[in-house]
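Novice: Quick one: this structure, given as structure tokens, is what I'll be asking you about.
Numbering (our numbering), first residue to last: 1 to 237.
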């Protein structure tokens, strides 16, 4: 892989189902097949952004440059754009489980869940993706196949861990395997789903330099709030 590769950092944003129609928001920048486009536009499991969420912003330093990725709602999807780099785009899908990015030609997605009740997350959820990896010019340099699966854990009051955040946090213990590369280890990680923001909060320490993870939202009174998520090797619960 190119040594100058700058990572696209995806902080998972989960979403709620809605009956409103929507259109693929980045057709000019990220072309996907017509069948996959219909799936993402119409599958209720893809969800819609929470009305409480304003934006998710992540910033970090790499190769002597400060990078900022910002997620906002566009045409019923949550879209991540890198400031000052219009070609670097991602569309968050399936309750924050993954994203369609400008660095891969995604060909198919299979979403499944078990133990679903009235609210997300279900007891178990899995997402399988297949596609091609591409460089900045859109040239393919390899195939990609991955499986991410998560198991629901305990739920706690969000305000116990983040002052001013309504609702509950639910622990998700996840694994991700890149089945297209037998040499890649299975990744294990934990996120915390906020049922008020519909966001999967990632609290683990990252290797990115000077990393900041900030969420802007409206509280139950309609006031705008800004929450910085600290990174720690210790789990919240």
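Yeah, the Cβ is synthetic: ideal placement off N, Cα and C, and Gly gets one too.
(1) Is it the case that the segment 208 to 216 contacts the segment 44 to 61, given that we only count it when at least three CB pairs across the two stretches are under 8 Å?
(2) Leaving out five residues before and five after residue 231 in sequence, what residues of the same chain have Cβ atoms less than 8 Å from its Cβ?
(3) Relative to the C-alpha of residue 23, which candidate in 55, 50, 74 has its C-alpha closest?
(4) Alpha carbon to alpha carbon, how far is residue 49 from residue 114?
(5) If you drop the 5 nearest sequence neighbours on each side, which residues of the same chain put their C-beta closer than 8 Å to that of residue 25?
(6) Let me check understanding here. Comparing Cα to Cα, which of 97, 40, 51, 139 lies closest to residue 196?
(7) Given that a residue counts as buried once 16 or more other Cβ atoms are within 10 Å of its Cβ, and exposed if not, what is residue 121?
(8) Report all residues from its chain with a CB closer than 6 Å to the CB of residue 57; omit the five preceding and five following residues, and keep chain order.
(9) Measure the Cβ-Cβ separation of residue 155 and residue 133 and say whether it is below 8 Å.
Specialist: Taking the coordinates as given:
(1) yes
(2) 203, 204, 205, 206, 211, 213
(3) 74
(4) 22 Å
(5) 74, 75, 76, 77, 79, 91
(6) 51
(7) buried
(8) 70, 214
(9) no
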